[in-house]
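Numbering follows our numbering, in which position 55 of the sequence shown is assigned residue number 1235; successive positions increment by one, without gaps.
Positions of the beta carbon are idealized from the N, C-alpha and C atoms, including for glycine.
In what follows, a single structure is set out as structure tokens and then discussed.
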Amino acid sequence: MNAFISLVLNWLKPLDNAPVEIRRAKQLIAAIDAGGTPLDSARISRIAEDLGLEVSKKARMEDTIDRIRMALKRY
């Protein structure tokens, strides 16, 4: 019976059908909001570029993160 309940509960969970780029960006923002500090600026830039944002090599990481936040609001 527990297996059946477990199956039903898993079936009722909302699916995250978002593209991989969106999921990675959401994970990044969630980690930052939870108090994490991003250390790899190249990774941040890669996530932004995967979202279709143009990122300058001179751009501050904080500005890039803000742009990622704004891009996620569109999705």
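Where does residue i fall in DSSP's three states?
i       : result
THR1217 : coil
ASN1197 : coil
LYS1238 : coil
ARG1203 : helix
ARG1254 : coil
LEU1208 : helix
Once you ignore the five residues that flank residue i on each side, which residues in its own chain have a CB closer than 7 Å to its CB?
i       : result
ILE1212 : PRO1218, ILE1245
VAL1235 : SER1225, ALA1228, GLU1229, THR1244
I'd like the list of long-range same chain contacts for residue i, defined as Cβ closer than 8 Å, with 5 residues on each side in sequence excluded.
i       : result
LYS1253 : none
LYS1206 : ALA1198, LEU1252
Could you round the C-beta distance between residue i and residue j to whole angstroms and report it? I think they count as a contact, below 8 Å.
i       : j       : result
ARG1249 : ILE1185 : About 38 Å separates the two Cβ atoms, so there is no contact after all.
Original post:
Would you say the region 1196-1207 touches the region 1221-1231, given that touching needs at least three Cβ pairs under 8 Å?
Top reply: yes
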